[in-house]
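Numbering (the numbering used here), first residue to last: 709 to 906.
Heads up, the beta-carbon is just placed ideally off N, CA and C, and yes, glycines get one too.
Computed from a prediction, not measured in an experiment: that's the story for all the values here.
Below is one structure; the comments refer to it alone.
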Amino acid sequence: MKQFLITCMLSAIMYGVHAQEAAPIPLHPRGIPNSRTAPADYREDTDSTRAIRVTSPTLTPFFPPKDKANGVAVIICPGGGYGSVVIGREGYRIARRFNEAGITAFVLKYRLPDSRIMPDKSKGPLQDAQRAMQLVREHAAEWGLQPDKTGIIGFSAGGHLASTVGTHFARPVIDNPQHANLRPDFMMLIYPVITFGE
């Protein structure tokens, strides 16, 4: 029994050393662009596996141990068919794997296109993804990142979103008063949706 308790304590300590997840950062603290008040029956529902009806987009940082950190950063766009954000399997789990390689990862919980909460649903998710890129670049020095080594990865619908960030950086859909570079330095598109036709 004593050995079992010691093993449990050591496991908890090791998990604490490697678990570097920080608190989620609100993407738009001064007001969410392209938004309208959600109706009473439209309430965000988020747990450790998925998010639906997102009304408060966030960016959750995962920092690698300082002795492993290499200054590379990646923004993770989980999939979910633009009907949910599969934040556990295609977000947090992936972030922890990047941390093992010394890469700082940021999991994006983005708004899903819905005319009930945004006047222009064609650009809501892109606004959140561009804001994520802007936020990471603006805080690069503070977070020990190299601003020219910041990329994006997306899965399924998140792959579509990531590819849109990588091809529409010259036409921002957010305010960018400091002219932060919104172009990812690399993209990883994992089973992305890249066409809505047959």
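Nearest-angstrom Cα separation, counted from residue j out to residue i
i    : j    : result
I784 : G799 : 6 Å
G905 : A849 : 42 Å
I861 : P732 : 18 Å
A840 : P880 : 12 Å
A775 : N742 : First, the residue type needs correcting, since residue 775 is Asp and not Ala in the sequence shown. Rounded to whole angstroms, D775 to N742 spans 41 Å at the Cα level.
L897 : P885 : 29 Å
G761 : G788 : The sequence given here has Arg at residue 761, not Gly. The straight-line gap from Cα to Cα measures roughly 12 Å.
P833 : P773 : 31 Å
Y790 : I902 : 13 Å
A759 : F806 : 22 Å
L713 : N889 : Caution applies to L713, whose pLDDT of 43 falls short of 50 and renders its modelled position unreliable; the model cannot decide the point.
D836 : Y818 : 6 Å
I795 : M826 : 22 Å
S864 : R797 : 12 Å
T872 : Y899 : 14 Å
Beta-bridge pairing of residue i - partner residues as DSSP gives them
i    : result
A748 : In the DSSP output, where bridge partners are listed per residue, A748 has none listed.
E729 : F770
R870 : Here residue 870 turns out to be Ala, not Arg, going by the sequence shown. Answer is none; A870 lacks a bridge partner.
P734 : T766
V815 : T768 and I784
Reduced DSSP category for residue i - H, G, I as helix; E, B as strand; rest coil
i    : result
L820 : coil
S719 : At S719, the pLDDT of 44 sits below 50, so the modelled position is not reliable; the number obtained from the coordinates is stated separately. It is helical.
F712 : For F712, the predicted model reports a pLDDT of 43, less than 50, meaning its position is unreliable; a value from the coordinates is still stated below. Residue state, collapsed to three classes: helix.
T763 : coil
T686 : Because residue 686 is not part of the residues shown, which for the chain are 709 to 906, the question remains open.
Residue i - containing beta strand (DSSP E), residue span
i    : result
T858 : T858 to F863
I898 : M895 to I898
F806 : Careful: F806 lies outside any beta strand (DSSP E), inside the alpha helix (DSSP H) at R801 to E808.
Minimum Cβ-Cβ distance from residue i to chain C less than 8 Å
i    : result
R744 : The structure shown contains no chain C, having only a single protein chain.
Residue i: first and last residue of the uninterrupted alpha helix (DSSP H) it sits in
i    : result
A781 : A781 -> not in any alpha helix (DSSP H); beta strand (DSSP E) instead, spanning A781 to C785.
L843 : G832 to E846
Residue i Cβ short of 7 Å to the ligand NAD heavy atom set
i    : result
D775 : In the structure shown, the ligand NAD is absent, as is every other ligand, since no ligand is present at all.
Query raised in the report: How do the segment 850 to 858 and the segment 733 to 753 stand: do at least 3 beta-carbon pairs fall below 8 Å, yes or no?
Result: no
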